[in-house]
Amino acid sequence: MNTQLQDDLEPTVRIRKLERDRVNFVLGNVDLAFANSLRRVMMADIPTVAIDMVEIEINTTVLPDEFIAHRLGMVPLNSSNCDEAIRYTRDCTCLAGCSFCAMMLVLNISCHDDNTLDVTSDHLEVIPYPVTEDEHMPIHDDPGEEMSKRGPYFGHPVGKDDPDARPVLIAKIRKGQELKIRCIAKKGIAKEHAKFSPCSAVSFEYDPYNKLRHTTYWYETDIKAEWPLSENAREEEAPRDDEPFDFNAKPNKFYFEVETDGSLGPQEVVMKGLAELQNKLASLVLGLKSGADLDIPEPVHGHMAEQVWDGGNAAGMGWNPPAVASTSWTAATVASSSPGRGGAASNGWSQNNDSPMGGGWGAAPAANAGWGSPNPRANGWNM
Amino acid sequence: MNAPARHESYVLEDGEKPVELIEDTKIPNAATIKIVKQDHTLGNMLRAQLLSMPQILFAGYKVPHPLHPYFIIKIQTDGTVTPQEILEQACTKLIGTLSSLETKFRREFSYKDMESSGAGAVTSHVEDPYGTNSGAWGRGREYLDF
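And the structure:
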């Protein structure tokens, strides 16, 4: 009973290499599904901040606005302690963004030189978030402690404060060209947009000799000579030539390498990943327990799950109003750095045709300000 | 334009219940549990944990449609516990595994921190990946498009 044996053993972990931006570790005595869940959660469920809205005042470069907006969105920003240091805009009391749920960065550069100028992430400056009009309401009653949780470089482009790190190239401009841009960075997770992922790569391997036959390799002549054995094979015993196939065997040793983009350190990514998985399970247990007594919304719920579970805040403000309407800036162009937000309606979300709103794509109810979408709850989703 | 907000696929809406239990009328000790705003990350892990428990006769999960943010998990037990209870046990057990793993990771990280402190692994400057900025164009000339 291989499974029984495996369950009785405690999981093990051995870090093989820890660097500033990566960690390599071996996970033992756990299930394949468990290891995979850890991988998935590290890639997609850890919040970071990234530039989400871009207002371009002047762009006389050769690159179109959308191009630059997209590049800005991809710039990793320092997001350590993101859980406590910043809110999701959908959970915030403000309308479209305030100092508690957004960061502002400006890029203001022009070339007056005969040489090509590289505009890089180092030219992005974090400025204090301006007090907007909608901030007069609840924000003063709510002295959030987010600010005190931020480190000195929170929200800064990664590597800006390190002379040895090379910045991210945004554009190249020649004499007479200029860029004047304001960016709003928000908190999000990679399920919303991949730019929020703290991981640039997570490698995951088990069974380097393919003893379990979970894969088959195509080969030309000699399978042994052409077999792409990885470094991890040294950790395991090579199968003998006459070894029969063990159909009860289960993978038991998992080789991870978590590489981050710098927005979070590798240690933070792994620890947050484990915590996030526990949160998911805890809120499921809570949901199971409260399932019996109906109609009682669990008060602890949001707390347990650290905001991820908070339903949208009052009046469905989770919908970002279009950026143009929300500001008084004289922006020449407003481009969004995440596709599918305010762009053309090229979306892959299916709508249930049986729903009462069926086929009502442009027929928004008047209450749904700004967005021509039917009420999200009537979409025929999981109701 | 009228795309639903991205977070709708992973954040519970106001008053939305995270779990829905449908008891099976045709199979004894079986239930289908719908878990909303969760995906394979939780589903597969739970399924695997359930299958390793001796009281389980059947456990399986599916995400019926990739655009519908929920999964359903079907559980049949041998009658000593209800499917609901065993799912709860599975969750608790997984949380236990995760927190023991967390302690181990914390210890490993602190060892590694001590090892590497002072060794400051900073990668040295290599050459410019975007090409070097040598050779100004049209030096000393005026530009029409200036």
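Chains as they are written, first to last, in the numbering used here: chain A, 1167 to 1549; chain B, 196 to 341.
Every residue gets a Cβ at the ideal spot worked out from N, C-alpha and C, and that includes glycine.
As the structure is a prediction and not an experimental result, all values here were calculated from the model.
Span of the alpha helix (DSSP H), counted from its first residue to its last, around ARG1206 of chain A: What you label residue 1206 of chain A is simply residue 40 of the first sequence in a count that begins at 1. Counted as a single uninterrupted DSSP element, the alpha helix (DSSP H) harbouring ARG1206 of chain A occupies residues 1198 to 1210.
Unbroken beta strand (DSSP E) run spanning ARG1180 of chain A, endpoints: Working through the first sequence from its first residue, we reach residue 1180 of chain A at position 14. Counted as a single uninterrupted DSSP element, the beta strand (DSSP E) harbouring ARG1180 of chain A occupies residues 1178 to 1184.
Boundaries (first-last residue) of the beta strand (DSSP E) holding LEU1335 of chain A: To locate residue 1335 of chain A, count along the first sequence from 1; it is residue 169. Counted as a single uninterrupted DSSP element, the beta strand (DSSP E) harbouring LEU1335 of chain A occupies residues 1335 to 1339.
Cβ neighbours of HIS1217 of chain A in the same chain (closer than 6 Å, five flanking residues each side left out): The residue labelled residue 1217 of chain A in the question sits at position 51 within the first sequence. The residue asked about is misnamed: residue 1217 of chain A is Ile in this sequence, not His. So the list reads LEU1238, GLY1239, CYS1349, ALA1351, SER1503, once near-sequence residues are dropped.
Interface flag, ARG1206 of chain A vs chain B, CB-CB below 7 Å: Reading the first sequence from its first residue, position 40 is the one you call residue 1206 of chain A. Among the CB atoms of chain B, one or more fall inside 7 Å of the CB of ARG1206 of chain A.
Proximity test, Cβ basis, 7 Å: MET243 of chain B and chain A: As a first step, residue 243 of chain B must be located in the second sequence, where it is residue number 48. The question names Met, but residue 243 of chain B in the sequence shown is Ala. Contact of ALA243 of chain B with chain A is assigned, a C-beta pair being separated by under 7 Å.
Buried versus exposed, by CB contacts within 10 Å (16 or more), ILE217 of chain B: Taking the first residue of the second sequence as position 1, residue 217 of chain B is located at position 22. Taking all protein chains shown into account, ILE217 of chain B has fewer than 16 neighbouring C-beta atoms within 10 Å of its C-beta and is therefore exposed.
Per-residue DSSP class, three states only, for ASP1327 of chain A: Sequence index remark: in the first sequence, residue 1327 of chain A carries index 161 (1-based). Here DSSP, grouped into helix, strand and coil, assigns ASP1327 of chain A to coil.
From A:LYS1341, A:PHE1420, A:PRO1296, A:LEU1345, residue whose alpha carbon lies closest to that of THR1286 of chain A: Position 120 of the first sequence, counted from the start, is the residue given in the question as residue 1286 of chain A. Minimum Cα distance to THR1286 of chain A is reached at A:LEU1345.
Residue-level contact to chain B via CB, ALA1356 of chain A, 7 Å cutoff: Taking the first sequence and counting its residues from 1, one reaches residue 1356 of chain A at position 190. No, because no Cβ of chain B sits closer than 7 Å to the Cβ of ALA1356 of chain A.
Cα-Cα separation between LYS1353 of chain A and SER295 of chain B, rounded to whole angstroms: On the first sequence, position 187 is the one that residue 1353 of chain A refers to. On the second sequence, position 100 is the one that residue 295 of chain B refers to. If you draw a straight line from the Cα of LYS1353 of chain A to the Cα of SER295 of chain B, it comes to about 29 Å.
Helix, strand or coil at SER295 of chain B [DSSP, three-state]: Walking along the second sequence from the start, residue 295 of chain B turns up at place 100. Collapsing the DSSP output to three states places SER295 of chain B in a helix.
Partner residues on chain A for MET240 of chain B, Cβ-Cβ distance less than 7 Å: Here residue 240 of chain B corresponds to residue number 45 of the second sequence, with the count starting at 1. ALA1199, PHE1200, SER1203, listed in chain order.
Beta-bridge partners of ASP1284 of chain A, as assigned by DSSP: Working through the first sequence from its first residue, we reach residue 1284 of chain A at position 118. For ASP1284 of chain A, which the question treats as bridged, DSSP gives the partners A:LYS1338.
DSSP state of THR1426 of chain A mapped onto helix, strand, coil: The residue you call residue 1426 of chain A lines up with position 260 of the first sequence. Strand, per DSSP.
Short CB-CB distance (under 7 Å) between PRO1177 of chain A and chain B: Stepping through the first sequence from its first residue, residue 1177 of chain A is reached at position 11. Cβ-Cβ to chain B under 7 Å: yes for PRO1177 of chain A.
Buried or exposed by the 16-neighbour rule on C-beta atoms within 10 Å, applied to ASN1414 of chain A: Here residue 1414 of chain A corresponds to residue number 248 of the first sequence, with the count starting at 1. ASN1414 of chain A should be labelled exposed.
CA-to-CA distance, ILE1336 of chain A to SER1276 of chain A, given in whole angstroms: Position 110 of the first sequence, counted from the first residue, corresponds to residue 1276 of chain A. Position 170 of the first sequence, counted from the first residue, corresponds to residue 1336 of chain A. Rounded to whole angstroms, SER1276 of chain A to ILE1336 of chain A spans 13 Å at the Cα level.
Residue burial classification, PHE1411 of chain A (beta-carbon count within 10 angstroms, cutoff 16): What you label residue 1411 of chain A is simply residue 245 of the first sequence in a count that begins at 1. Exposed, since its Cβ has fewer than 16 Cβ neighbours within 10 Å.
CB-CB length for ASP1330 of chain A against TYR1319 of chain A, believed under 8 Å: Indexing the first sequence from 1 puts residue 1330 of chain A at position 164. Indexing the first sequence from 1 puts residue 1319 of chain A at position 153. That belief does not hold up - the Cβ atoms of ASP1330 of chain A and TYR1319 of chain A are roughly 15 Å apart, past 8 Å.
Touching by the beta-carbon criterion (3+ pairs, under 8 Å), the segment 219 to 235 of chain B and the segment 261 to 275 of chain B: Flag = yes, the segment 219 to 235 of chain B and the segment 261 to 275 of chain B touch.
Host alpha helix (DSSP H) of LEU216 of chain B (start-end): Against the second sequence, residue 216 of chain B aligns to sequence position 21. That residue, LEU216 of chain B, is in no alpha helix (DSSP H); its beta strand (DSSP E) goes 214 to 218.
The segment 1219 to 1239 of chain A in contact with the segment 270 to 286 of chain B per 3-pair CB rule at 8 Å: No, the segment 1219 to 1239 of chain A does not touch the segment 270 to 286 of chain B.
Of the residues A:CYS1258, A:HIS1359, A:ASN1281, the one placed nearest THR1214 of chain A, counting alpha carbons only: Within the first sequence, the letter at position 48 stands for residue 1214 of chain A. Per the C-alpha coordinates, the member of A:CYS1258, A:HIS1359, A:ASN1281 positioned closest to THR1214 of chain A is A:HIS1359.
Whether PRO1177 of chain A touches THR292 of chain B by CB criterion (7 Å): Along the first sequence, one-based indexing puts residue 1177 of chain A at 11. Along the second sequence, one-based indexing puts residue 292 of chain B at 97. THR292 of chain B is positioned such that its CB atom lies closer than 7 Å to that of PRO1177 of chain A.
Cβ contact check for the segment 1189 to 1206 of chain A and the segment 1414 to 1424 of chain A: 3 or more pairs under 8 Å: Short answer: they touch.
Endpoints, the alpha helix (DSSP H) within which ILE1234 of chain A is located: On the first sequence, residue 1234 of chain A is found 68 positions in, with the first residue counted as 1. Counting along the chain, the unbroken alpha helix (DSSP H) around ILE1234 of chain A starts and ends at 1231 to 1240.
Per-residue burial, TYR1385 of chain A [other beta carbons within 10 Å of its own, 16 or more giving buried]: Here residue 1385 of chain A refers to the residue found at position 219 of the first sequence. Answer is exposed; the Cβ neighbour count stays below 16.
Start-to-end residues for the alpha helix (DSSP H) that takes in ILE1389 of chain A: Numbered from its first residue, the first sequence carries residue 1389 of chain A at position 223. Element bounds for ILE1389 of chain A: 1389 to 1392.
Minimum Cβ-Cβ distance from LEU1450 of chain A to chain B less than 7 Å: Within the first sequence, the letter at position 284 stands for residue 1450 of chain A. Output row for LEU1450 of chain A: interface = yes.
First through last residue of the alpha helix (DSSP H) which encompasses ASP1249 of chain A: The sequence position of residue 1249 of chain A within the first sequence is 83, counting from 1. 1248 to 1251 is the extent of the alpha helix (DSSP H) around ASP1249 of chain A.
Span of the beta strand (DSSP E) around ASN1190 of chain A: Residue mapping note: residue 1190 of chain A aligns to position 24 of the first sequence, counting from 1. ASN1190 of chain A: member of the beta strand (DSSP E) spanning 1188 to 1194, first to last residue.
Alpha helix (DSSP H) segment containing TYR244 of chain B, residue limits: By one-based count along the second sequence, residue 244 of chain B stands at place 49. Correcting the residue type first, residue 244 of chain B is Gln in the shown sequence and not Tyr. Annotation: the continuous alpha helix (DSSP H) that includes GLN244 of chain B extends over 235 to 246.
7 Å Cβ cutoff met for ASP1288 of chain A and LYS1338 of chain A: Working through the first sequence from its first residue, we reach residue 1288 of chain A at position 122. Working through the first sequence from its first residue, we reach residue 1338 of chain A at position 172. Going by C-beta atoms, ASP1288 of chain A is not nearer than 7 Å to LYS1338 of chain A.
Distance between GLU1434 of chain A and MET1269 of chain A (C-alpha atoms, nearest Å): Within the first sequence, residue 1269 of chain A is the residue found at index 103, counting from 1. Within the first sequence, residue 1434 of chain A is the residue found at index 268, counting from 1. If you draw a straight line from the Cα of MET1269 of chain A to the Cα of GLU1434 of chain A, it comes to about 21 Å.
Chain-ordered chain A contacts of LYS307 of chain B [CB-CB under 9 Å]: Numbered from its first residue, the second sequence carries residue 307 of chain B at position 112. Those within 9 Å of LYS307 of chain B in chain A are ILE1181, LYS1183, LEU1184, VAL1189, GLN1433.
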